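Colleague:
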Amino acid sequence: METHIEIRKLNAYYGDSQALKDINLEIPRQQVTVIMGPSGCGKTTLLKSLNRFLELGEGTRLSGQVLIDGEDIYAPEVDVTEMRKKAGLLAQHPYPLPMSIYDNVAYGLRIHDLCKKGPEMDKRVRHFLEEAGLWEEVKDRLHKPAVGLSIGQQQRLCLARGLAVQPEIILGDEPTSALDPISAQHIEKRLLGLKKEYTIVLVTHILRQAKRLADYVVYMYLGEVVECGAALEVFEHPRQERTRAYLAGQF
Amino acid sequence: MKSRHFAKCHVEEGIFKALMIGSFALLSASLGFILLTIIIKGLPALNLAMLIQTPRGGYYLGKEGGILNAILGSLYLAGGGTLLALLFSLPLALFLKVYTNHSHWSDMVRLALDVLWGIPSIVYGAFGFTIMLALNMRASLLAGIIVLALLELPIMARAVDEIIRMTPFDLEQASLALGATRLETAVHVVMRQMLPGIVTAILLAFGRGIGDAASVLFTAGYTDRIPTSLMRPAASLPLAVFFQLSTPFPEVQRRAYASALILTVIVLAISLGSRWISGRLSRYVVK
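Going down the list, the sequences are from chains W and U.
Start counting at 1 in the first sequence, then tack on 232, and there's your number in this note's numbering.
Start counting at 1 in the second sequence, then tack on 1487, and there's your number in this note's numbering.
Below is the structure:
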């Protein structure tokens, strides 16, 4: 199993409070890694340290290293836009861009100059909408506003939009928590299909979802990694008392 | 016990509903009354000559001819003032958001803008006039535009400020997550999200600018010529109404209502136009 993302001695602070404590972690390539834990345990903070989103907030500090393909993304010479292009984010609540369905997908292609206008762009847009499982539902209204879609469709559009910039990693911050069960199932199915090509890191507090999707599990509590390992192992034979308690539904 | 509680709720509901309907009725009645007055009194005096000619007939304002001088003057004054105010208020609002968001300093700026919003326009006029005296300038289109821009600036800046504050940060994040730069995000995403609101802000400011008489009274002056130079005086519709109404001649007074009707129609047309634009733009806006 090859390591794609390596986190070394990562500490994160919001003002005076420490959100991440000395995290050391290896995230395998082309697998689904699920970060779980009770709310406030730092799982979203950890996820947002992987695409340098933490620094967008005020008063956040960070120390340590995050290596993607062996390169530290916090090194001063790193181009943050280039780095973020590598790691797409699926947010908790889908936010389509204020433009048409087509333009939402084409946006990333345009800003990174990935393909020319015209038939080539049309083909690419179609391809990514298909990959996100949305094409059949929107093919007749590609130039209508994206906000007209249902929230489940919007999340799949956000997935297509993220895939369009050809990332290597998909980060999901509880991407199904705002969705109805059927839409959530759609997204889960897509993510399972996508792990052949992408490294997927998913934050969730839904235990059953973690069990359905995870190849590899990270259990966090109060800013620390309590336990991590292959999904089967952690779910069947947790080594730590706190993991056992969480899995048993005690908190 | 329970039924008494419900009865109380119904009475409350009834009172507040009546209050709302009452204020709606009051408001639409006064609007209707104003419109009816200017239509009934102004329409008979309105003719094509009023729209396409300058004043004629010996009097300063004329029993004959038209008020093209004031129509064009008003459009130039309010258009120029709105453009100038936009040039300053957009960066100001962006500065408030990007660099001083929530700080003590930005609260002070917002307070100052709110105070400026409430200052009567005659004060802006007098302020402009004082400066013009100091600079030894005479009344001109340019001076009128500058004073109108000052008058409109707080309205526009606060309106744009509110629109920016309503733009969800998650939307910016969505764009940044794709590897877009801050500039690309600002131009392609944030501006697009804000555009309908900005159109509304422009309309608000333009509406105040074109309807204001006091601020242009000393600064733009009045003339019966069509404005051709920024350095020469310019007429305006509100002042035309004012001067026509204060003459002792009934036929000129009737023309005042016709001028008011023209001003109202211009404002109405611009409102409808910008609403249409803003409606088309807001189809894409993320809520």
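For each residue, glycine too, the CB sits at the ideal point set by N, CA and C.
Quick caveat: nothing in here was measured; it's all calculated off a predicted structure.
1) So Ser1702(U) and Leu1635(U) are in contact, right, with Cβ under 8 Å, and what is the actual spacing, rounded?
2) Out of Gln387(W), Glu400(W), Thr431(W), which one is the CA nearest neighbour of His418(W)?
3) Starting from Asn243(W), follow its DSSP beta bridges and name the residues at the other end.
4) What residues of chain U sit near Tyr327(W), judged by a beta carbon separation below 8 Å?
5) Please say whether Glu420(W) and Arg444(W) have beta carbons closer to each other than 8 Å?
6) Is the stretch 1692-1711 of chain U touching the stretch 1651-1662 of chain U, taking contact as three or more C-beta pairs under 8 Å?
7) Which partner residues does Thr265(W) have in the DSSP bridge list?
8) Using a Cβ-Cβ cut-off of less than 9 Å, list which residues of the stretch 1689-1722 of chain U approach chain W; keep chain order.
9) Just grab the DSSP bridge partners of Cys460(W) for me.
10) With burial defined as no fewer than 16 other Cβ atoms inside 10 Å of the residue's Cβ, what is the status of Cys460(W): buried or exposed?
11) Which residue from Ile237(W), Arg422(W), Phe360(W), Leu322(W) puts its Cα closest to that of Tyr306(W)?
12) Specify, as a first and last residue, the run of the alpha helix (DSSP H) that Gly1568(U) falls within.
13) So that I know if they touch, is there some Cβ in chain U lying closer than 8 Å to that of Ile401(W)?
14) Any beta-carbon of chain U closer than 8 Å to the one on Met353(W)?
15) Between the C-alpha atoms of Tyr245(W) and Ala1756(U), what's the straight-line distance to the nearest angstrom?
16) Name the chain W residues whose beta carbon is nearer than 7 Å to that of Val1676(U)?
17) What's the C-alpha gap between Ala477(W) and Gly274(W)?
18) Can you check whether the C-beta of Arg393(W) is within less than 8 Å of a C-beta belonging to chain U?
19) Rounded to whole angstroms, what's the CA-CA distance from Ser1530(U) to Val1647(U)? Just pull it up for me.
20) Among all the DSSP beta bridges, which residues are the ones paired with Ala1722(U)?
21) Spell out whether any CB of chain U is found under 8 Å from the CB atom of Ala442(W).
22) For Ala323(W), go through chain U and note every residue whose CB falls closer than 8 Å to its CB, in chain order.
23) Skipping 5 residues on each side, what residues in its chain have a beta carbon closer than 6 Å to that of Ala1722(U)?
24) Taking the alpha-carbon positions, what's the Glu1551(U) to Arg1625(U) distance?
25) Please state the DSSP three-state secondary structure of Arg1543(U).
26) Using the Cβ count rule (16 or more neighbours within 10 Å means buried), how would you classify Asn283(W)?
27) Kindly list, in the order they appear in chain U, the residues whose Cβ is closer than 8 Å to that of Glu314(W).
28) What does Val466(W) reach in chain U if we use C-beta pairs closer than 9 Å?
29) Which term fits Ile1521(U), buried or exposed, when burial requires 16 or more other beta carbons within 10 angstroms of its beta carbon?
30) By a C-beta neighbour count over all protein chains shown, 10 Å radius and 16 as the cutoff for buried, is Asp1594(U) buried or exposed?
31) Taking all protein chains shown into account, decide if Val1674(U) is buried (16 or more other Cβ within 10 angstroms of its Cβ) or exposed.
32) When we look at the beta-carbon of Gly320(W) and count the other beta-carbons within 10 Å, is it buried (16 or more) or exposed?
33) Please determine if the stretch 287-296 of chain W and the stretch 1731-1751 of chain U are in contact, where contact requires at least 3 C-beta pairs separated by less than 8 Å.
34) Does the beta carbon of Glu1649(U) sit closer than 8 Å to a beta carbon anywhere in chain W?
35) Is it true that the CB of Thr1524(U) sits closer than 8 Å to the CB of Gly1696(U)?
36) Would you kindly report the start and end of the unbroken beta strand (DSSP E) that includes Lys253(W)?
Modeller: In short:
1) 6 Å
2) Gln387(W)
3) Ser295(W)
4) Pro1655, Asp1657, Leu1658, Gln1660, Ala1661, Val1773
5) yes
6) no
7) Val433(W), Tyr448(W)
8) none
9) Val450(W)
10) buried
11) Ile237(W)
12) 1555-1585
13) no
14) no
15) 55 Å
16) Leu329, Pro330
17) 18 Å
18) yes
19) Note that residue 1530(U) is Leu in the sequence shown here, rather than Ser. Straight-line Cα distance between these residues: approximately 38 Å.
20) Looking at the DSSP assignment, Ala1722(U) forms no beta bridge with any residue, so it has no partner.
21) no
22) Asp1657, Gln1660, Ala1661, Ala1664
23) Asn1556, Ala1557, Gly1560, Tyr1709, Thr1710
24) 29 Å
25) strand
26) buried
27) Gly1666
28) Neighbours of Val466(W) on chain U: none; closest Cβ ~29 Å, over 9 Å.
29) exposed
30) exposed
31) exposed
32) buried
33) no
34) no
35) no
36) 249-260
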